[in-house]
Amino acid sequence: MAVTVRLCVGMFGVLVGLAAPVSAQMSPQDVADGLSELASVPAATAGRVTEHDLEVAVAGTRVRDGADLVLVDDAWHVGSLTKSMTATLAARLVEAGLITWDTPVGEILGERIPDMDEAWRDTPLRAFLTHRSGMAANLPARSARQLGDGPRALYVTEMLAGPPDATVGEFSYSNAGYVIAGAMLEDVGDAPWEELMQTHVFTPLGMTSAGFGPPLGEAIEGHATRLFGGIRPVGQGFEADNIPAMGPAGRVHLSAEDMLIYMRTHLVRDAGFLSAESWDVLHAPVGEEAYAMGWGVGEDGSLVHSGSNTLWYAVAFLDPEAGEAAFVAVNSGDLEDVVEPVDTALRELLGAL
Numbered sequence: 007m008a009v010t011v012r013l014c015v016g017m018f019g020v021l022v023g024l025a026a027p028v029s030a031q032m033s034p035q036d037v038a039d040g041l042s043e044l045a046s047v048p049a050a051t052a053g054r055v056t057e058h059d060l061e062v063a064v065a066g067t068r069v070r071d072g073a074d075l076v077l078v079d080d081a082w083h084v085g086s087l088t089k090s091m092t093a094t095l096a097a098r099l100v101e102a103g104l105i106t107w108d109t110p111v112g113e114i115l116g117e118r119i120p121d122m123d124e125a126w127r128d129t130p131l132r133a134f135l136t137h138r139s140g141m142a143a144n145l146p147a148r149s150a151r152q153l154g155d156g157p158r159a160l161y162v163t164e165m166l167a168g169p170p171d172a173t174v175g176e177f178s179y180s181n182a183g184y185v186i187a188g189a190m191l192e193d194v195g196d197a198p199w200e201e202l203m204q205t206h207v208f209t210p211l212g213m214t215s216a217g218f219g220p221p222l223g224e225a226i227e228g229h230a231t232r233l234f235g236g237i238r239p240v241g242q243g244f245e246a247d248n249i250p251a252m253g254p255a256g257r258v259h260l261s262a263e264d265m266l267i268y269m270r271t272h273l274v275r276d277a278g279f280l281s282a283e284s285w286d287v288l289h290a291p292v293g294e295e296a297y298a299m300g301w302g303v304g305e306d307g308s309l310v311h312s313g314s315n316t317l318w319y320a321v322a323f324l325d326p327e328a329g330e331a332a333f334v335a336v337n338s339g340d341l342e343d344v345v346e347p348v349d350t351a352l353r354e355l356l357g358a359l
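In this note's numbering, each residue's number is its place in the sequence shown (first place is 1) plus 6.
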């Protein structure tokens, strides 16, 4: 089976400072319509949410040059926005007494991985979730191709068998680190990461559309860039996403409404879902990079992250001071063409509630 290796791209810093105003605020429908008119964007969604209000819109077609219009309840792949969800799962399991933020990986996975490099054994869960473990960004491409749809345990075993790739304690963005964090949660939760996400995050929040990998069936498709320009749909097969082992780093899909429901939970720091202490840990900036757990943190306390598996692009922005959040996504991996328009779209949404 031919396997295409894709990267979960998380450009958390590109939009810090997004709260700067624009000349005019626009409705989600106007924003989605505008994005879908771009040559590199078959479909777009835009939405915003406050504690009491939620508004979402979609525009375009599920597939480039296709006849099926995108529907408001269609699912969007959100790439590295998954990271804050994995961290949120960790908080739920911490509160359940199954693990702590400082539990070392060696304590959890040491017996299962006897060849674990000694340098990793004392590395705590929080280091993997804040990108300060020293872990390499990704499993080597050759290994990823060989792994294919194989188990997460093989991915984790290979990554922990060698020494750190970056300076331990310093920021180094790592998808692999989140995969290892996910494996730690699987062990203490006694279930696959996907099942834990459904049980502890998606179901309690009513996120009924949330799933993993590319949306299937009558669904929106991601689009890859062509060698000589333009984009093409990638279907719903193995090429349509990163390998399954990378789930905790970036394989969630869900409707825009469910994404906004999730964002609202973070925006208002829902006391019925997590304690104030847990929200503080999830949102606390670490180091000069001001990266928390799945969020870049602005000087004003705003939270931002973007994600792409190179076939979709999505951005979430939360402004706790203003009490609002915005989400924009497109089914295009042409990042050179879509990042700036999506940035502008978020600016147009903010302050319009």
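Positions of the beta carbon are idealized from the N, C-alpha and C atoms, including for glycine.
In this text, all values refer to a predicted model and were calculated from it rather than measured experimentally.
Residues bridged to PHE218 [DSSP beta-bridge criterion]:
Note: PHE218 is bridge-paired with VAL258 in the DSSP secondary-structure output.
Under a three-way DSSP split, which group does HIS289 fall into?
Shown here, HIS289 sits in a helix according to DSSP, grouped into three states.
Contacting residues, own chain, Cβ-Cβ under 7 Å from GLU61 (five flanking each side not counted)
Same-chain partners within the cutoff: PRO34, GLY53 and ARG54.
Between ALA172 and the rest of its own chain, which residues show a CB-CB distance below 7 Å, the 5 nearest in sequence each way excluded?
Within the same chain, GLY140 and SER178 come within 7 Å of ALA172 by CB-CB distance, once the 5 residues on both sides are set aside.
Which residue marks the beginning of the beta strand (DSSP E) containing GLY235, and which one marks its end?
DSSP places GLY235 outside any beta strand (DSSP E), giving it a letter other than H or E.
Same chain, Cβ closer than 6 Å to ALA133, five either side skipped, listed in chain order
The answer, listed in chain order, is SER139.
Rounded straight-line distance, which links the Cα of ALA96 to that of GLY103:
When rounded, the distance between both Cα atoms is 11 Å.
Residues near GLN152 in its chain [Cβ-Cβ closer than 6 Å; skip 5 each side]:
Here the set comprises nothing.
Taking the beta carbon of VAL78 as the centre, do at least 16 other beta carbons fall within 10 Å, making it buried, or is it exposed?
Burial check for VAL78: the Cβ neighbour count within 10 Å stays below 16, so the residue is exposed.
CB-CB under 6 Å to ASP343, same chain, minus the five flanking residues each way: which ones, in chain order?
The beta carbon of ASP343 sits closer than 6 Å to those of SER46, all from its chain and outside the five residues before and after it, given in chain order.
Taking all protein chains shown into account, do 16 or more other C-beta atoms lie within 10 angstroms of the C-beta of SER281, making it buried, or fewer, making it exposed?
By the 16-neighbour rule on beta-carbons within 10 angstroms, SER281 is exposed.
In terms of residue numbering, what span does the beta strand (DSSP E) encompassing ALA50 cover?
Segment 49-55, the beta strand (DSSP E) holding ALA50.
For the alpha helix (DSSP H) containing PHE134, name the first residue and the last one.
131-135 is the span of the alpha helix (DSSP H), which, as asked, contains PHE134.
Out of PHE323, VAL69, THR67 and ASP340, which one is the CA nearest neighbour of PHE333?
For the residues PHE323, VAL69, THR67 and ASP340, the minimum Cα distance to PHE333 belongs to PHE323.
LEU309 bridges to which residues according to DSSP?
Partner residues in the beta bridge of LEU309, as assigned by DSSP, are VAL303 and LEU324.
From SER86 to ILE114, what does the alpha carbon distance come to, in whole angstroms?
Going from the Cα of SER86 to the Cα of ILE114 covers about 25 Å.
Any idea if PHE279 is buried or exposed, counting beta-carbon neighbours within 10 angstroms, 16 or more meaning buried?
That one is buried.
Residue of VAL274, TYR184, GLY212 and LEU309 minimising C-alpha distance to ALA290:
Out of VAL274, TYR184, GLY212 and LEU309, LEU309 has the C-alpha closest to the C-alpha of ALA290.
Best match in ASN248, MET122 and GLY241 for proximity to LEU3 [C-alpha to C-alpha]:
Residue 3 falls outside the range modelled here, since the chain spans only 7 to 359, and no answer is possible.
According to the Cβ coordinates, are PRO220 and GLN204 closer than 8 Å?
Not a contact, by the Cβ cut-off of 8 Å.
Between the segment 258-265 and the segment 158-167, do at least 3 Cβ pairs fall closer than 8 Å?
Output reads no: the segment 158-167 does not touch the segment 258-265.
Hey, ALA182 and ALA143: beta-carbon distance below 8 Å or not?
Their beta carbons are under 8 Å apart, which means ALA182 touches ALA143 by this criterion.
Compare the Cα-Cα distances from MET299 to each of TRP318, PRO254 and ALA331 and report the closest residue.
Per the Cα distances, PRO254.
To which residues does DSSP link TYR319 through a beta bridge?
Answer is VAL336, bridged to TYR319.
Report all residues from its chain with a CB closer than 7 Å to the CB of GLU354; omit the five preceding and five following residues, and keep chain order.
Correct list, in chain order: VAL28, GLN31, MET32 and VAL37.
For my contact list, LEU341 and ALA246 are in at a C-beta cut-off of 8 Å; report their separation, rounded to the angstrom.
Actually they are not in contact, since the Cβ atoms of LEU341 and ALA246 sit about 17 Å apart, beyond 8 Å.
Just verifying my parser: in three-state terms, what is the DSSP assignment at LEU191?
In the structure shown, LEU191 sits in a helix (DSSP, three-state: H, G or I).
Specify the secondary structure class of SER314 as computed by DSSP and reduced to three states.
Looking at SER314 - three-state DSSP - the assignment turns out to be strand.
Along the chain, where does the beta strand (DSSP E) that runs through GLY66 open and close?
Boundaries of the beta strand (DSSP E) harbouring GLY66: 60-66, taken from the DSSP string.
Check the C-beta distance from ALA65 over to ALA50 and give it rounded, since I have them as a contact under 8 Å.
Between the beta-carbon of ALA65 and that of ALA50 there is about 6 Å, and that keeps the pair under the 8 Å contact cut.
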